[in-house]
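Chains as they are written, first to last, in the working numbering: chain C, 1 to 374; chain E, 1 to 296. Some notes on the structure that comes next.
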């Protein structure tokens with residue numbers, strides 16, 4: 001068998017066999033599955049009442065309609081009179097009200113997805129009169145949130161990408177440091193080239209990461225299907241593939257940087273001190289994205305970060321999801337990402353080959369690059 | 001035949017190899033000896049292709065060594081190293097496969113070496129769970145598992161107890177008996193002279209002496225060891241023309257006789273000092289070969 005494949009196989013087998021991998025997989029399935037199932041099981045955990053405001057019509061009329069269908073409604077309903085339509089709409093926007101009934105023609109409801117309790121109350125009140133007269137017009141109100149489902153998926157994807165790149169990149173760092181500090185590298189390098197050992201490690205650990213990522217993604221899809229939640233709506237195979245693609249690009253970039261760092265240290269403990277500075281750009285990109293995601297911004301900072309290879313894997317997928325990235329921007333970002341990986345791989349191979357067998361004083365990145373081969 | 005031809009290598013200001021040339025006959029147990037820092041490890045790494053020389057080259061049977069031939073080499077590095085968390089057998093099978101063995105042959109060979117070295121019952125344990133002595137055995141098996149044509153061992157005897165030393169000596173004899181070339185290094189010159197048939201002694205990256213152990217130890221000035229009954233005075237040998245004392249322990253002295261010195265003169269002087277209980281010529285030690293070569 002080809003030597004690189006032997007290295008890949010060892011990496012995969014040892015890691016899949018480890019308790020850490022098994023536990024982490026179970027936890028990620030539980031966390032992701034739970035994040036989807038729990039809110040769906042009980043969307044109103046404190047049994048809060050849906051607040052219905054009425055204007056231009058007696059409160060008792062609406063109250064009796066609600067009472068007639070009470071057994072069908074999931075949440076308790078509280079009906080109050082509102083001074084004017086303007087005041088009601090204002091209260092809707094400030095979340096003081098959930099539903100506003102205006103006369104016998106219109107109903108306003110605070111924006112949300114169609115499974116919320118207030119949506120049920122609003123649509124029930126809108127269509128109930130259809131048996132006797134005309135249904136009321138239903139108007140959603142508040143900030144429009146297009147592609148909410150896609151955003152949720154992208155959000156989940158970025159969290160997973162960040163976590164996986166950090167965790168599995170750390171494994172590459174520690175794995176290389178282990179081979180160097182335990183001197184097993186010397187035995188291995190009498191049979192394989194440094195480039196084969198490096199590639200095998202990056203690919204092997206990457207394959208394990210991909211496997212765990214797929215298991216996690218599958219558990220999200222299955223959980224979504226079980227509870228019939230719509231948060232994964234619009235999450236086609238294409239979007240999942242794109243997420244996995246960005247994750248793989250990010251992992252590959254960071255794993256080469258991690259491998260180079262791992263080959264510089266002498267003791268395994270030194271490796272952990274290098275993990276944080278390496279992952280800092282990823283963390284910055286991640287926090288910036290998560291921050292801007294909550295207010296739906298496509299800020300200038302995010303736009304810049306989405307082109308830089310160290311931050312693109314956690315920023316570009318979000319820009320794509322909120323529809324802010326133009327096709328040429330996605331293409332440019334991909335080209336830069338691939339170029340970044342090529343540069344990282346070449347520098348890492350050079351550093352790795354020169355420092356994996358060198359012990360004594362820890363080398364700096366620059367010294368390792370400039371030094372003669374072993 | 002393995003030939004090191006004019007190998008030179010510097011690490012910054014440190015000269016590790018300085019035009020080193022050694023010829024190692026096939027099928028022998030060959031000792032590469034020298035004090036710490038003589039360049040033994042660099043020479044071995046160069047043979048294995050782990051280290052690249054600044055100049056010079058290594059030939060196997062007159063040909064440059066390619067990666068495929070190097071995979072037929074086995075290596076036991078001075079700083080022992082395997083995966084602590086990996087199962088013993090998996091580790092050996094992996095290394096055998098990396099050296100080009102089929103999966104089936106690798107498994108068979110790993111099992112037979114585990115049995116040969118008495119650690120077959122630990123095959124499915126993690127390496128780190130084994131005693132240090134057993135870890136050394138696994139390390140040796142790792143160098144041997146693919147049936148190498150050339151076996152390179154860096155300080156294999158250091159840290160071994162006498163039983164383990166004998167066991168390793170027997171394994172090396174067996175391997176070379178099977179036609180493989182065994183090259184090992186040691187800084188303890190006298191401890192290993194019975195373990196190899198030929199040696200090269202190096203110092204500061206240069207060859208200082210080489211040849212068969214028999215030739216090296218039987219040439220040069222004669223060594224005479226004399227022991228007197230206890231409580232005899234020391235210093236009786238001093239002042240005898242052409243005789244120098246190389247070692248003195250209690251009433252036992254090791255003398256170096258220049259050519260033409262009559263041992264009877266020495267015997268008479270000894271008898272004049274006390275009762276002679278031991279009087280015998282001995283072989284020159286490899287450490288003496290080394291000292292005399294570098295002081296020249």
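Virtual Cβ for every residue (Gly too), placed ideally from N, Cα, C.
What in chain C is Cβ-close to residue i, meaning under 8 Å?
i             : result
residue 77(E) : 183, 186, 187
residue 73(E) : 190
residue 89(E) : The contacting residues do not exist; residue 89(E) stays about 13 Å from chain C at best.
residue 82(E) : 182, 184, 187
residue 70(E) : 190, 191
Does residue i pass the burial test, meaning 16 or more other C-beta atoms within 10 Å, or should it be called exposed?
i              : result
residue 139(E) : buried
residue 271(E) : exposed
residue 339(C) : exposed
residue 27(C)  : exposed
residue 258(C) : buried
residue 13(E)  : exposed
residue 145(C) : Reliability fails at residue 145(C), whose pLDDT of 47 lies under 50, so the model's placement of it is uncertain and no value is given.
residue 382(C) : No answer is possible for residue 382(C): it lies beyond the span of chain C, which begins at 1 and ends at 374.
residue 180(C) : buried
residue 164(C) : buried
residue 4(E)   : buried
residue 148(E) : buried
residue 54(E)  : exposed
residue 257(E) : buried
residue 1(E)   : exposed
residue 378(C) : The first residue shown for chain C is 1 and the last is 374, placing residue 378(C) beyond what the model contains.
residue 212(C) : buried
residue 281(E) : exposed
residue 241(E) : exposed
residue 230(E) : exposed
residue 7(C)   : buried
residue 278(E) : exposed
Please list, in chain order, the chain C residues whose beta carbon lies closer than 9 Å to that of residue i.
i             : result
residue 65(E) : In chain order: nothing, as chain C lies at least about 12 Å away.
So with CB distances below 8 Å, who are the chain E contacts of residue i?
i              : result
residue 192(C) : 98
residue 3(C)   : 98
residue 211(C) : Residues of chain E passing the Cβ test: none, with the nearest at roughly 20 Å.
residue 244(C) : Those do not exist, as residue 244(C) stays about 29 Å from chain E at its closest Cβ, beyond 8 Å.
residue 6(C)   : 94, 97, 98
In chain E, which residues lie with their C-beta within 7 Å of the C-beta of residue i?
i              : result
residue 10(C)  : 94
residue 264(C) : Within 7 Å Cβ-Cβ: nothing; residue 264(C) doesn't reach chain E, min ~17 Å.
residue 270(C) : Simply none; closest approach about 17 Å.
residue 357(C) : 50
Could you work out which residues of chain C lie near residue i, taking near to mean beta carbons separated by less than 7 Å?
i             : result
residue 86(E) : 14
For this session: Determine contact between the region 161-173 of chain C and the region 264-283 of chain C, defined as no fewer than three beta-carbon pairs at a distance below 8 Å.
Result: Touching, yes, given that three or more Cβ pairs across the two stretches are closer than 8 Å.
Exercise. Okay, do the region 269-286 of chain E and the region 229-243 of chain E touch, 3+ Cβ pairs below 8 Å being the bar?
Worked result: The region 269-286 of chain E and the region 229-243 of chain E touch, with no fewer than 3 CB-CB distances between them shorter than 8 Å.
Problem set entry | Chain-ordered residues of the region 45-59 of chain C with a beta carbon less than 7 Å from chain E | Nothing from the region 45-59 of chain C brings a Cβ to less than 7 Å from some Cβ of chain E.
For this session: Identify every run of the beta strand (DSSP E) within the region 89-141 of chain C, keeping only runs that are complete inside it and at least 3 residues long; order them along the chain.
Result: Within the region 89-141 of chain C, the complete beta strand (DSSP E) runs of at least 3 residues are 99-102, 106-110, 137-141.
For this session: Note down, in chain order, all residues in the region 124-143 of chain E with a beta-carbon under 9 Å from any beta-carbon belonging to chain C.
Result: Near chain C, meaning a CB-to-CB distance below 9 Å, the residues of the region 124-143 of chain E are 139, 142, 143.
Exercise. Can you list the beta strand (DSSP E) stretches of 3 or more residues lying completely in the region 176-254 of chain E, in chain order?
Worked result: Taken in chain order, the whole beta strand (DSSP E) runs of length 3 or more contained in the region 176-254 of chain E are 181-186, 198-203, 206-212, 222-228, 243-249.
Exercise. Touch check for the region 55-67 of chain E and the region 194-210 of chain E: three-plus C-beta pairs under 8 Å?
Worked result: The region 55-67 of chain E, when compared against the region 194-210 of chain E, does not touch it at the 8 Å Cβ threshold.
Exercise. Taking any Cβ of chain C, which residues in the region 36-62 of chain E have a Cβ under 7 Å from it, in chain order?
Worked result: If the cut-off is 7 Å between Cβ atoms, the region 36-62 of chain E has 48, 50, 51, 52 near chain C.
Exercise. On the three-pair Cβ rule with 8 Å, is the region 342-354 of chain C touching the region 24-32 of chain E?
Worked result: Short answer: they don't touch.
Problem set entry | Residue ranges of each alpha helix (DSSP H) within the region 282-328 of chain C, 4 or longer | Under the rule that a run must span 4 or more residues, the alpha helix (DSSP H) segments found entirely inside the region 282-328 of chain C read 300-305, 312-321.
Problem set entry | Validate contact between the region 183-195 of chain E and the region 106-124 of chain E using beta carbons, cut 8 Å, 3 pairs | Fewer than three beta-carbon pairs drawn from the region 183-195 of chain E and the region 106-124 of chain E are found closer than 8 Å, and the two stretches are therefore not classed as touching.
Problem set entry | Length at least 4, wholly inside the region 190-268 of chain C: the alpha helix (DSSP H) runs in chain order | Taking only runs of at least 4 residues, the alpha helix (DSSP H) segments lying wholly in the region 190-268 of chain C are 194-227, 237-264.
Exercise. Is it true that the region 95-114 of chain C meets the region 50-63 of chain C, where meeting means three or more beta-carbon pairs spaced less than 8 Å apart?
Worked result: They touch, by the three-pair rule.
For this session: Spell out a yes or no on whether the region 73-87 of chain E and the region 179-194 of chain C are touching, meaning 3 or more CB-CB pairs, one atom from each, closer than 8 Å.
Result: By the Cβ test, the region 73-87 of chain E is in contact with the region 179-194 of chain C, since at least three Cβ pairs between them sit closer than 8 Å.
For this session: With a floor of 3 residues, list each beta strand (DSSP E) that falls wholly inside the region 60-120 of chain E, ordered by position along the chain.
Result: Complete beta strand (DSSP E) runs here, min 3: 73-76.
For this session: Evaluate the contact criterion for the region 77-97 of chain E versus the region 117-131 of chain E: three or more CB pairs, one atom per stretch, below 8 Å.
Result: The region 77-97 of chain E is in contact with the region 117-131 of chain E.
Exercise. Does the region 42-49 of chain E come within contact of the region 152-166 of chain E, defined as at least 3 CB pairs closer than 8 Å?
Worked result: Yes: at least three Cβ pairs fall under 8 Å.
Exercise. Is the region 92-110 of chain E in contact with the region 173-187 of chain E, if contact means three or more CB pairs nearer than 8 Å?
Worked result: Not touching, per the Cβ criterion.
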